[in-house]
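To start, the structure itself, in structure tokens.
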Amino acid sequence: MPLSETLTPRSPGSALETPSHVTWHQIFKEAIRDCHQLCQELDLPARLAEETSSSTEDFPLFVPRPYLRRIRRGDPRDPLLLQVWPRREEQAPFPGGSADPVGDGAASLRPGLIHKYPGRALIVATGTCAVHCRYCFRRQFPYGSVPRTLEQWRPALNDIAADTSLREIILSGGDPLTLRDGLLAGLGEELASIPHVQMLRVHTRVPIMIPQRVTSELLDWLGGSRLRTVMVLHANHARELDDEVGSALARLSRAGVMLLNQAVLLREINDSVSALRDLSLRLVDLGVVPYYLHQLDRIHGAAHFEVDIGRGRQLVEELRARLPGYAVPRYVQEIPGQSSKTLLL
Ligand SMILES: *Cc1c(COP(=O)(O)O)cnc(C)c1O
Ligand code: SF4
13 MPLSETLTPR SPGSALETPS HVTWHQIFKE AIRDCHQLCQ ELDLPARLAE ETSSSTEDFP
73 LFVPRPYLRR IRRGDPRDPL LLQVWPRREE QAPFPGGSAD PVGDGAASLR PGLIHKYPGR
133 ALIVATGTCA VHCRYCFRRQ FPYGSVPRTL EQWRPALNDI AADTSLREII LSGGDPLTLR
193 DGLLAGLGEE LASIPHVQML RVHTRVPIMI PQRVTSELLD WLGGSRLRTV MVLHANHARE
253 LDDEVGSALA RLSRAGVMLL NQAVLLREIN DSVSALRDLS LRLVDLGVVP YYLHQLDRIH
313 GAAHFEVDIG RGRQLVEELR ARLPGYAVPR YVQEIPGQSS KTLLL
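Residue numbers (our numbering): 13 to 357.
Structure (structure tokens):
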């Protein structure tokens with residue numbers, strides 16, 4: 013649908029669900045970028061907006077409306093709000109922290125292509141995301157150097173074609189699903205034409221943030237590829253997964269996409285047995301396997317989200333005692349220089 017046909021103005025908060033004719037582009041454009049506006053829409057005291065971090069200058073607030081609607085009004089401790097709210101604590105340095113805690117710089121073959129682990133390489137497809145997560149480990153990534161067109165991707169594609177050990181290519185970011193389907197389908201076709209590549213994996217938060225992004229064009233190129241397609245979602249809390257998200261995930265499953273989830277263990281957000289159990293059970297109900305639970309990467313500005321590893325191990329052990337094995341995520345940490353994520357339990 014051309015964008016011009018869909019520019020119907022909508023008064024904020026007037027509808028509980030996004031009308032079906034509104035495109036994901038438009039929802040993206042209408043994301044909340046202003047702390048005062050967020051406070052107003054969520055019935056939060058205006059003084060909260062005065063107490064935000066100055067780090068919003070280089071990493072602004074960015075909250076799309078489908079996610080906003082899942083945040084509990086009037087609750088400054090809401091676990092969904094805490095993921096996106098720029099608290100003043102972001103200004104505190106992270107002891108032992110870094111701007112590149114996972115060693116992406118050292119593993120970059122060329123701008124936008126990271127090869128750390130045997131058999132799989134990761135393409136940083138874009139710096140744009142559909143939400144700004146305050147704990148993000150790539151918030152200081154040098155996105156300016158990432159290619160923007162298929163032609164600019166040519167050298168990275170040539171590297172992948174030349175390395176027959178690469179079975180799997182991961183599209184990551186930023187969030188690859190903020191790119192147009194035309195560009196993604198083109199990239200997918202190029203990768204499918206490389207005989208040794210078998211798997212295409214997409215790491216994304218978009219189907220959760222803007223479920224309307226799961227368009228028939230997206231399903232066509234993902235489901236129609238020669239490559240086996242895997243999508244790794246990124247939900248940290250069960251309440252992120254409402255029925256709108258559920259139906260987007262069902263469409264992906266029906267198109268043959270394998271669905272996994274990775275979460276980050278986050279203080280006050282999901283650091284309890286009940287929060288982790290509810291997340292796993294909701295994921296499984298929606299056909300998504302809880303794949304990883306990540307220990308937080310020590311990026312500056314995120315110290316207030318850290319849960320210590322001892323506590324993390326205890327939580328995952330308690331999960332294992334309550335849930336079937338497939339519903340217990342692997343608790344892992346990314347340590348630079350290792351040939352895989354490091355299992356913590
Ligand atoms: C996490 C990661 C992967 C994927 O690791 P899996 O254990 O296969 O999920 C691949 N490449 C890079 C650079 C990564 O950070
Ligand atoms: S969607 Fe992913 S890359 Fe983007 S801000 Fe959130 S955690 Fe970071």
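We put the CB at the ideal spot given by N, CA and C, even for glycine. Being a predicted model, the structure only gives us computed values, none of them experimental.
Is the beta carbon of Arg-150 within less than 7 Å of some heavy atom of ligand 2? The residue given as residue 150 occupies position 138 in the sequence shown. Arg-150: yes, Cβ under 7 Å from ligand 2.
Determine the DSSP secondary structure at Glu-201, reduced to helix, strand or coil. Locating residue 201 in the sequence shown gives position 189, where the first residue counts as 1. Glu-201 falls in the helix class under three-state DSSP.
Look at the alpha carbon of Glu-101 and the alpha carbon of Gly-185, and state the distance between them as a whole number of angstroms. Locating residue 101 in the sequence shown gives position 89, counting from the first residue. Locating residue 185 in the sequence shown gives position 173, counting from the first residue. Taking the straight line joining both Cα atoms gives about 25 Å.
Would the beta-carbon of Arg-84 be found less than 7 Å away from any heavy atom of ligand 1? Here residue 84 is taken as the residue at index 72 of the sequence shown, counted from 1. The answer is no for Arg-84.
Go through its chain and collect everything with a Cβ distance to Val-158's Cβ below 8 Å, but skip five positions before and after it. To locate residue 158, count along the sequence shown from 1; it is residue 146. Once the five neighbours on either side are set aside, the close Cβ partners of Val-158 are Pro-123, Gly-124, Val-136, Ala-137, Thr-138, Gly-139, Gly-186.
Out of Pro-98, Leu-178, Gly-131, which has the shortest C-alpha to C-alpha gap to Cys-148? For this step, residue 148 is matched to residue 136 along the sequence shown. Closest option to Cys-148, Cα to Cα, is Pro-98.
Considering only heavy atoms of ligand 1, does any lie closer than 7 Å to the CB of Leu-134? Position 122 of the sequence shown, counted from the start, is the residue given in the question as residue 134. Yes, the Cβ of Leu-134 comes within 7 Å of a heavy atom of ligand 1.
Under 7 Å from any heavy atom of ligand 1, does the C-beta of Ala-275 make it? Here residue 275 refers to the residue found at position 263 of the sequence shown. The answer is no for Ala-275.
Express the C-alpha separation of Glu-202 and Ser-23 in angstroms, rounding to a whole number. Looking up residue 23 in the sequence shown gives position 11. Looking up residue 202 in the sequence shown gives position 190. The pLDDT assigned to Ser-23 is 40, lower than 50, so where the model puts this residue is not dependable; a value taken from the coordinates is nonetheless given after this. Cα to Cα, the separation comes out at about 42 Å.
Give a yes or no on contact between the segment 65 to 82 and the segment 41 to 51, applying the rule of three or more CB pairs nearer than 8 Å. yes
Assumed close pair Leu-291, Asn-282 - CB separation to whole angstroms, cut-off 8 Å: The sequence position of residue 291 within the sequence shown is 279, counting from 1. The sequence position of residue 282 within the sequence shown is 270, counting from 1. 6 Å between Cβ atoms; contact.
Spatial neighbours of Pro-88 in its chain, beta-carbon cut-off 7 Å, leaving aside the 5 residues before and after: By 1-based counting over the sequence shown, the position of residue 88 is 76. Hits under 7 Å: Leu-56, Leu-60.
Per DSSP, Val-214 is paired with what? Here residue 214 is taken as the residue at index 202 of the sequence shown, counted from 1. The partner list for Val-214 (beta bridge, DSSP) reads Leu-183, Met-243.
Which of the three DSSP states, helix, strand or coil, is assigned to Val-301? Locating residue 301 in the sequence shown gives position 289, counting from the first residue. Three-state result, Val-301: strand.
Please report the residue range of the beta strand (DSSP E) in which Asn-170 lies. Residue 170 sits at position 158 when you count from the first residue of the sequence shown. No beta strand (DSSP E) holds Asn-170; the alpha helix (DSSP H) holding it covers 162 to 174.
Hey, Leu-189 and Gly-200: beta-carbon distance below 8 Å or not? Counting from one through the sequence shown, the residue named residue 189 turns up at place 177. Counting from one through the sequence shown, the residue named residue 200 turns up at place 188. Cβ distance not < 8 Å, so Leu-189 and Gly-200 don't count as in contact.
In the DSSP assignment, what are the bridge partners of Ser-284? Position 272 of the sequence shown, counted from the first residue, corresponds to residue 284. BP columns for Ser-284 are empty, so no partner.
May I ask which residues mark the beginning and end of the alpha helix (DSSP H) holding Leu-327? Walking along the sequence shown from the start, residue 327 turns up at place 315. Segment 321 to 332, the alpha helix (DSSP H) holding Leu-327.
Report the option in Arg-84, Ser-120, Asn-170 whose CA atom is closest to the CA atom of Tyr-155. In the sequence shown, residue 155 corresponds to position 143, counting from 1. Nearest of Arg-84, Ser-120, Asn-170 to Tyr-155, Cα basis: Ser-120.
Relative to the alpha-carbon of Leu-36, which residue among Gln-224, Val-344, Ala-43, Leu-331 has its alpha-carbon at the smallest distance? Walking along the sequence shown from the start, residue 36 turns up at place 24. Just to set this straight, residue 36 is Trp in the shown sequence, not Leu. Selected option, being the one with the closest Cα: Gln-224.
Along the chain, where does the alpha helix (DSSP H) containing Ala-262 start, and where does it finish? In the sequence shown, the residue the question calls residue 262 occupies position 250. Unbroken alpha helix (DSSP H) run through Ala-262: 255 to 266.
Residue interval of the beta strand (DSSP E) (run including His-127): Numbered from 1 along the sequence shown, position 115 holds the residue referred to as residue 127. Note, His-127: beta strand (DSSP E), 125 to 129.
With respect to the beta strand (DSSP E) encompassing Arg-343, which residues constitute its N-terminal and C-terminal limits? On the sequence shown, residue 343 is found 331 positions in, with the first residue counted as 1. Looking at the sequence provided, one finds Tyr at residue 343 rather than Arg. First-last of the beta strand (DSSP E) with Tyr-343: 342 to 345.
By Cβ distance below 8 Å, which residues in the same chain neighbour Leu-86 in space, the five residues on each side in sequence not counted? Within the sequence shown, the letter at position 74 stands for residue 86. Before going further, note that residue 86 is Gly rather than Leu in the sequence given. Within the same chain, Gly-86 has close Cβ partners Leu-54, Asp-55, Leu-56.
C-alpha distance - Thr-176 paired with His-312, whole-angstrom precision: Numbered from 1 along the sequence shown, position 164 holds the residue referred to as residue 176. Numbered from 1 along the sequence shown, position 300 holds the residue referred to as residue 312. Between Thr-176 and His-312, the C-alpha separation is close to 37 Å.
Examine ligand 3 and report whether any of its heavy atoms sits within less than 7 Å of the Cβ of Ser-177. Ligand 3 is not among the ligands present in this structure, which contains only ligand 1 and ligand 2.
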